[in-house]
Structure formats: structure tokens, C-alpha cells
Amino acid sequence: MLRLATNYLKPGMIIARNIYNANGTKLLAADTALDRRLILKIKKLGIDSVYIRHPFLDIEPQEILHEKTRVEAIREIQKTFELFRLKKVVDLSTISEVVVKIIEDSMDNRNFLIHLSDIRIHDDYTFGHSINVCLLSVMLGIKLNFREGQLFELAMGAILHDLGKMMIPQEILNKPGSLTPEEWTEMRQHTDKGFDILRRDYSMPLVSAHVAYQHHESYDGAGYARGLRGEEIHLFARIVAIADLYDAITADRPYREAMLPHEAYEIMLGSRGTKLDPEFTDVFLESVAIYPVGSTVLLDTGEIAIVVNTFPKLQSRPTVRVVIDERGKVMEGEGKIIDLAVNLTRFITKVFKAEEVLEVAKQN
Ligand SMILES: [Fe+2]
39 MLRLATNYLK PGMIIARNIY NANGTKLLAA DTALDRRLIL KIKKLGIDSV
89 YIRHPFLDIE PQEILHEKTR VEAIREIQKT FELFRLKKVV DLSTISEVVV
139 KIIEDSMDNR NFLIHLSDIR IHDDYTFGHS INVCLLSVML GIKLNFREGQ
189 LFELAMGAIL HDLGKMMIPQ EILNKPGSLT PEEWTEMRQH TDKGFDILRR
239 DYSMPLVSAH VAYQHHESYD GAGYARGLRG EEIHLFARIV AIADLYDAIT
289 ADRPYREAML PHEAYEIMLG SRGTKLDPEF TDVFLESVAI YPVGSTVLLD
339 TGEIAIVVNT FPKLQSRPTV RVVIDERGKV MEGEGKIIDL AVNLTRFITK
389 VFKAEEVLEV AKQN
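Every letter in the sequence shown is one number past the one before it in the working numbering, and letter 311, counting from 1, is 349.
Following this line, the structure appears as C-alpha cells:
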């Protein structure tokens, strides 16, 4: 399957994955054939990209979270955030149940390379973001050999890190253009506001409240709310800052397309030691897929190949299946498998965007 930006959708293409909104309602079912009406609906719903089936790419990427866990988690987090926004009394026990499920899925799939592939509709951005930041933080916590109790405190802080945004006026939160300096000042208060709510909740570990308070602190001291630096920042908040940045740059936003994993990798590397804790960033990057299974890549020989297998710590050298030879002809049968971890003189020179894959396939 291929993640294709909505603008490139054409009638006749087949949806490869279910799409849900934050209420858990299925908006689009896998195996549906697109027609003009559906494409219009997808645009209206604020969905920037969808997975479609493609004969080159019969591979399903590995998902750390079960679909059921993700759908339930988003529904609960949306409900909880909404109650906080309405200043109602909120019981966080359902969120702790969700968090336990996310930790269980992460433990089960701890050896998977990290690759986020969820589709979000515009209105639900914050909820999907909260789930992913929780998932990525837990994955990093597992790599750092955290005990169960620590994982839970980290995960609670991570899933609620942006809770304070519910106290920020909607017109600032959803403003399509850039914010004025005054609006920025207000937006930045989401860290204090989140902390203020969470520290009063006795069912919530105090360190988790501190994650909400400190997640925009920067390792070099240039962040907010207090300008803490280095190890003055709680280690959970340093972890959540890494997860927060990674999810933000790999998600579709109204003003730009999602970055490809190898581009996101470079940005994370560039923030190592400035915005982000350098050691934790290294551990995180060891677990992130640079070329996730299903990526279409150009090899130095001019052959075009699909990534079929990836390995931790060797992420830049996946196993690929050549589908188009160096003369531009589609390979017969299964194609040719090349293990780049063994064939060290061969390398990837480019990653194709989904729309480019369609172009390449059309020429054959
Ligand atoms: Fe935030």
C-alpha cells in the first residue's frame, strides 16, 4: 500500500486501511473503491492523505499499536480533553487503562522499528498527537530499561502533556496562519495550565504533571516555561520532547505535508544537543525506521526497489526487492532481493514520494 496525498487521489483507486475519527466512527473502510463523491468527502473531512492499494507494494508495515488500542485510546483522550475544556470533574482512571494498553502493545512489539503511519483528520490532530507522543515515549522508556512503574508515570505524563491546550482559546489553537506575538505568549501558557490542572489531581503521579510543565524546555536552556537546561529538566520531559518533535514533523499539517522518515531523521539529528537531550536522541534514533518497510527507493545502480525488511541499528541498510531494473523495465515475477547489510557497496540514493511511485509505475 501507498500513502498518497489527497490531491493525487483518482477514481478507481482502492482504500487500503480503515480511517476513523476521534469518536471511533469509521469514516472510510478498507477495500472501498474511490469515486469522485468519496474523494470530495475525504477532502471535506480534512484528511490530507490516505493509504491506497498498489500492485508494487503488497506489504503491510508493522504497527506497534493494535488498531483497536489506537481507536479506543483516541476516543478516550478526546472525551477526557473535552471534559477538561468544559471544566467538569474528570476521572483519569479510563486514561490510565488506555495507557496500560499502550504499554502492553509497546512491550509486545518492542523490537519493531518505530514508524508512525496513522492518518488524522484536521480536527483530531491533538488527540492523535497525544497517543503517538505516549507511544514513542514508552518505546524510548523501554529501550532505556525503565521499570513498569516508571513507564506508567512517563506514559501518563506523555498522553496528557498538551492537556493545557484545552484552556487556550480555540481561535488561537486552530488559527491557520502564524500567531501574533501576543497569541504566542498565550499559546505558551499551555505548559503552566496543564501543570496546574494535573498537580491538583491526586490520582495523577506528580512527576507526570511535571512532564506537562516541562515538555517545551530545551536541552540548551532556550525553551519555556522556565528556561531549564540539561539535567535540570526531568528525564521524562526530555523523553517527551523527543517524541513530541518526531510526531509533529512526521504528521500531515494543514500548512505542509508530512516529512518522510529519512527527512525526519535528519531533523532529529540536527536537534541533538540543542533542543533535545543528545544521549536519549541517539537511543531513539537507533530505534527509528529511516526507510520503513514499503518505502520505494532508488539504488545507486538506477534500479528501483521496495524496502521489504529493516533491522534495528542497521536502519540505513535494509533488505530491498528490486521491482524495476536499471533500464526502467518492470522485473518479472518476484523481482530480485538485495540485502544492503551484506552488499556494502550498494546504496540508496533517493526515496520516492507516493505520487512519484505512481508516475514510475505508469511509464511501464
Ligand atoms: Fe505542547
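Glycine residues also receive a C-beta, built at the ideal position from the N, C-alpha and C atoms.
For V176, does the three-state DSSP call read helix, strand or coil?
By one-based count along the sequence shown, residue 176 stands at place 138. Helix, per DSSP.
Taking the straight line between their C-alpha atoms, what separation do you get for D315 and I277?
The residue given as residue 315 occupies position 277 in the sequence shown. The residue given as residue 277 occupies position 239 in the sequence shown. When rounded, the distance between both Cα atoms is 8 Å.
In the DSSP output, which residue or residues are listed as bridge partners for D156?
To locate residue 156, count along the sequence shown from 1; it is residue 118. Its beta-bridge partners do not exist; DSSP assigns none.
In the DSSP assignment, find the alpha helix (DSSP H) that holds I197 and state where it starts and stops.
One-based indexing of the sequence shown puts residue 197 at position 159. Run containing I197: 186–197, per the alpha helix (DSSP H) assignment.
Which residues in the same chain as T312 place their Cβ atom closer than 6 Å to its Cβ, once the five residues preceding and following it in sequence are excluded?
Walking along the sequence shown from the start, residue 312 turns up at place 274. Here the set comprises D258.
Do you know offhand how far F390's Cα is from R359's?
Counted from its first residue, the sequence shown places residue 390 at position 352. Counted from its first residue, the sequence shown places residue 359 at position 321. F390 and R359: Cα-Cα distance of roughly 15 Å.
Once you ignore the five residues that flank F150 on each side, which residues in its own chain have a CB closer than 6 Å to its CB?
Locating residue 150 in the sequence shown gives position 112, where the first residue counts as 1. Closer than 6 Å at the Cβ level, and outside the excluded window around F150, lie Q100, I102.
Less than 6 Å between C-beta atoms, sequence neighbours within five positions excluded: which residues of the same chain meet that for I115?
Sequence index remark: in the sequence shown, residue 115 carries index 77 (1-based). F165, S168.
Going by Cα to Cα distance, which pick from T118, T223, V249 is closest to S175?
Your numbering for residue 175 matches position 137 in the sequence shown. The candidate whose alpha carbon is nearest that of S175 is V249.
Within the continuous alpha helix (DSSP H) that includes A250, where are the two ends?
To locate residue 250, count along the sequence shown from 1; it is residue 212. First-last of the alpha helix (DSSP H) with A250: 244–252.
Between R200 and ligand 1, is there a pair consisting of the residue's CB and a ligand heavy atom that are separated by less than 7 Å?
Counting from one through the sequence shown, the residue named residue 200 turns up at place 162. It is Asp, not Arg, that sits at residue 200 in the sequence shown. Indeed, a heavy atom of ligand 1 lies less than 7 Å from the Cβ.
Flag H272 as yes when its Cβ comes closer than 7 Å to any non-hydrogen atom of ligand 1, and as no otherwise.
Position 234 of the sequence shown, counted from the first residue, corresponds to residue 272. No, since every heavy atom of ligand 1 falls outside the 7 Å radius drawn around the Cβ of H272.
Would you mind stating whether P299 and H153 have Cβ atoms separated by less than 8 Å?
Residue 299 sits at position 261 when you count from the first residue of the sequence shown. Residue 153 sits at position 115 when you count from the first residue of the sequence shown. Yes; because the gap between Cβ atoms is below 8 Å, this pair is in contact.
H253: beta carbon under 7 Å from a heavy atom of ligand 1?
Looking up residue 253 in the sequence shown gives position 215. True, at least one ligand heavy atom lies under 7 Å from that Cβ.
So the candidates are M205, A67, I57; which of them puts its Cα closest to the Cα of L124?
Looking up residue 124 in the sequence shown gives position 86. Minimum Cα distance to L124 is reached at M205.
Using 8 Å for Cβ pairs, my map puts G202 next to K231. What's the rounded Cβ distance?
Looking up residue 202 in the sequence shown gives position 164. Looking up residue 231 in the sequence shown gives position 193. Yes, they are in contact, since the Cβ atoms of G202 and K231 sit about 4 Å apart, within 8 Å.
Short check: CB of G50 to CB of A71, under 8 Å?
Along the sequence shown, read from residue 1 onward, the residue named residue 50 stands at position 12. Along the sequence shown, read from residue 1 onward, the residue named residue 71 stands at position 33. For G50 and A71, yes; Cβs fall inside 8 Å.
Going by CA-CA distance only, name the one from E269, A289, G340, Q188 that's closest to S246.
Sequence index remark: in the sequence shown, residue 246 carries index 208 (1-based). Among E269, A289, G340, Q188, the Cα nearest to that of S246 belongs to Q188.
Taking the beta carbon of Q252 as the centre, do at least 16 other beta carbons fall within 10 Å, making it buried, or is it exposed?
Here residue 252 corresponds to residue number 214 of the sequence shown, with the count starting at 1. Q252 comes out buried.
For A193, count the other beta carbons within 10 Å of its own beta carbon; 16 or more makes it buried, fewer makes it exposed. Which is it?
Mapped onto the sequence shown, residue 193 falls at position 155. When all chains shown are included, A193 counts as buried.
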